[in-house]
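Below is one structure, written out as structure tokens; comments come after it.
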Amino acid sequence: MIDHIGLAVADLDRSKGFYAGALAPLGIAPMMAFPGAVGYGAAGAPFFWIGDGKRPGTGTHVAFTCDDRAKVDAFHKAALAAGGSDNGAPGLRPDYHPDYYGAFVLDPDGNNIEAVCHKPG
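When the letters of the sequence shown are read in order and numbered with numbering that gives the first Met the number 0, they come out as residues 0 to 120.
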């Protein structure tokens with residue numbers, strides 16, 4: 000089980016704005032900050048961290064679970080409005096499984112961020 004995950008970002012202020020906007024439809028918000036790092040979470044627990052001071056990597060993929068497909072759609076729209084780039088519009092991905100409904104965006108550093116619902120439509 001994962002307790003939390005952290006991503007290196009090149010520009011903390013730019014990334015703070017992106018993630019605040021992109022994750023809001025999922026009920027995930029900034030919860031804690033330290034010099035050079037911000038933790039996002041829900042229900043009083045920060046579980047997704049961004050921070051500067053290290054070089055961002057490539058090929059990073061983080062997926063957030065949603066309880067319905069409308070939240071996947073809202074995530075994609077909000078992430079694009081917050082400065083993300085489309086990396087896969089909301090839709091079914093039957094190659095993964097018949098009910099896999101996901102959307103993908105690239106954050107300002109090129110990390111592949113996804114929202115996914117596994118429930119039938």
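Using N, Cα and C, we set each Cβ at its ideal position, and we do this for glycine too.
The structure presented is a predicted model; accordingly, all values stated were derived computationally and were not measured.
For residue i, the first and last residue of its enclosing beta strand (DSSP E)
i	result
A41	36 to 41
G5	4 to 7
I50	Checking the sequence shown, residue 50 turns out to be Gly, not Ile. That run of the beta strand (DSSP E) goes 44 to 50.
C-beta atoms of residue i and residue j nearer than 8 Å
i	j	result
K118	D67	yes
N86	F103	yes
Close-in-space but distant-in-sequence residues of the same chain around residue i (CB under 7 Å, 5 per side omitted)
i	result
G43	none
Y39	Y18, L22, I27, A28, P29, M30, P45, F47
T64	V115
Same chain, Cβ closer than 6 Å to residue i, five either side skipped, listed in chain order
i	result
Y99	R92
A41	G26, I27
E113	A62, G101, F103
Cβ neighbour criterion (16 or more within 10 Å) applied to residue i
i	result
A80	exposed
S14	buried
Spatial neighbours of residue i in its chain, beta-carbon cut-off 8 Å, leaving aside the 5 residues before and after
i	result
P121	Outside the modelled stretch of the chain, which goes from 0 to 120, sits residue 121, for which no answer is possible.
Quiz item: Can you give, in chain order, each stretch of the alpha helix (DSSP H) that sits fully within the region 63 to 114 and has at least 4 residues?
Solution: 68 to 80
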